[in-house]
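Enquirer:
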Ligand SMILES: Cc1cc2nc3c(=O)[nH]c(=O)nc-3n(C[C@H](O)[C@H](O)[C@H](O)COP(=O)(O)O)c2cc1C
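In the numbering used here, the protein residues as written are 106 to 302.
#1: Can you list, in chain order, the residues of its chain with a C-beta nearer than 7 angstroms to that of residue 189? Leave out the 5 residues immediately preceding and following it.
#2: Return the Cβ separation of residue 222 and residue 191 in integer angstroms, given the expectation that the two are a contact with Cβ distance under 8 angstroms.
#3: Just to confirm, is the Cβ distance from residue 252 to residue 287 under 8 angstroms?
#4: Would the C-beta of residue 227 count as close to ligand 1, meaning under 7 angstroms from any of its heavy atoms?
#5: Residue 153 and residue 181 - do their beta-carbons sit closer together than 8 angstroms?
#6: Indicate whether residue 130 and residue 257 have their beta-carbon atoms separated by less than 8 angstroms.
#7: Beta strand (DSSP E) containing residue 151: first to last residue?
#8: Does the segment 206–214 come close enough to the segment 134–143 that 3 or more CB-CB pairs lie under 8 angstroms?
#9: Using a threshold of 7 angstroms, is the CB atom of residue 194 nearer than that to any non-hydrogen atom of ligand 1?
#10: Please work out which residues of its chain come closer than 7 angstroms, Cβ to Cβ, to residue 196, disregarding the five sequence neighbours upstream and downstream, and give them in chain order.
#11: Go ahead and label residue 193 buried or exposed: buried means 16 or more other beta carbons lie within 10 angstroms of its beta carbon, across all protein chains shown.
#12: Under 7 angstroms from any heavy atom of ligand 3, does the C-beta of residue 265 make it?
#13: Cutting at 7 angstroms between CB atoms, please list the residues of its own chain near residue 267, excluding the five before and the five after it.
Here's what the structure looks like:
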């Protein structure tokens, strides 16, 4: 049991950037999120970007896949928590994100997964609800509060700054507060006893 005088290790959050279209908007939202995380001393971030991975779409055990996994998998395994950044494509999340998720199993287990979503009118909310079902199957717990950007490209200026930051800044504070609570709690739980999955 940690006493009040002991410093609490920051929650290690792996931010998964879920879009990989040429000319994608995802990095603008990712930069905003990473800056908000950097403002806090109770969270440290690592990034896995699906655009920088070329995982095959089958479970082939070829050398290319092994090389990719050697780079990605440790970043997922080391995480106490995840924030998945997802756009909405045709009422769901990107195929490349699903492929990254499916290449892993225990790395997600007994950890919290939070979401930042963006899109057109939907703000990516339908993508998030689909992802909650996927992560339930992987024994992850999804965080209740999210951040969503509706008509995302219009929400940021040419320099990637939010035109009206008050709402998203408040929402990300709530979401990261829940990530820290779940991240610490499940880290302690995993250390205390093996997960019974
Ligand atoms: C193939 C495709 C399907 C889309 N479907 C939806 C949709 O169902 N709902 C929505 O609100 N936005 C939709 N959009 C808008 C995207 O969510 C928006 O352009 C977002 O910026 C895409 O993320 P990205 O630029 O990082 O790839 C779609 C965009 C594309 C390219």
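Even glycine gets a Cβ: it sits at the ideal position worked out from N, Cα and C.
Expert: Taking the geometry as given:
#1: 121, 123, 218, 220 and 236
#2: 5 angstroms
#3: no
#4: True, at least one ligand heavy atom lies under 7 angstroms from that Cβ.
#5: yes
#6: Cβ distance < 8 angstroms, so residue 130 and residue 257 count as in contact.
#7: 148–154
#8: Not touching, per the Cβ criterion.
#9: Within the cutoff, so yes.
#10: 231
#11: buried
#12: As presented, the structure is devoid of ligand 3, carrying ligand 1 as its sole ligands.
#13: 137, 260, 261 and 273
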